[in-house]
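Let me begin by presenting the structure, written as structure tokens, before commenting on it.
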Amino acid sequence: MALLVTAEVKHNPTNTIVCKAHGEWNGTLEFTYSNGETKVIDTTTLPVYPKKIRPLEKQGPMESSLFEDSEQSLLCV
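If you want my numbering, it's the position in the sequence shown, counting the first as 1, plus 3.
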């Protein structure tokens with residue numbers, strides 16, 4: 004199952020799109036910049052670093068515990 008990603012990065016003061024990205028979370032991501040330059044990253048070749056988070060009981064209401072269900076879904080793929 005592919006986990007598709009689509010994103011735009013905007014320069015806040017001008018609301019200009021400076022970069023667009025699309026691809027697969029666990030595969031190839033392509034970045035296209037406003038100057039026409041394109042870069043491709045194969046995420047399967049990148050090192051994986053373990054997360055460092057505080058235990059859920061020590062987190063505030065707006066911390067990463069909000070994304071626990073999403074994280075579990077990604078880990079199950």
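Yeah, the Cβ is synthetic: ideal placement off N, Cα and C, and Gly gets one too.
If you're wondering where the values come from, they're calculated on a predicted model, not measured in any experiment.
Bridge partner(s) assigned by DSSP for THR19:
Residue 19 sits at position 16 when you count from the first residue of the sequence shown. Checking the DSSP bridge columns, you'll see THR19 partnered with HIS14.
Can you give the Cα-Cα distance for THR35 and GLU66, rounded to whole angstroms?
The count along the sequence shown starts at 1 and reaches residue 35 at position 32. The count along the sequence shown starts at 1 and reaches residue 66 at position 63. In a straight line, the C-alpha of THR35 is about 31 Å away from that of GLU66.
Quickly, what does DSSP pair TYR36 with across the bridge? List them, please.
Position 33 of the sequence shown holds residue 36. Note: TYR36 sits in a beta bridge opposite CYS22.
Is it buried or exposed for GLY63, if we count other Cβ within 10 angstroms and need 16 for buried?
For the purposes of this step, residue 63 is identified with residue 60 of the sequence shown, where counting begins at 1. Exposed, since its Cβ has fewer than 16 Cβ neighbours within 10 Å.
If you draw a straight line from the alpha carbon of LYS7 to that of ASN38, how long is it in whole angstroms?
Your numbering for residue 7 matches position 4 in the sequence shown. Your numbering for residue 38 matches position 35 in the sequence shown. According to the sequence shown, residue 7 is Leu rather than Lys. Going by the C-alpha atoms only, they are around 24 Å apart.
Taking the alpha carbon of THR31 as the reference point, which residue from GLU40, ILE56, VAL21, THR9 has its own alpha carbon closest?
Residue mapping note: residue 31 aligns to position 28 of the sequence shown, counting from 1. THR31 has its Cα closest to that of THR9, out of GLU40, ILE56, VAL21, THR9.
Alpha carbon to alpha carbon, how far is HIS14 from VAL21?
Walking along the sequence shown from the start, residue 14 turns up at place 11. Walking along the sequence shown from the start, residue 21 turns up at place 18. One C-alpha to the other measures close to 7 Å.
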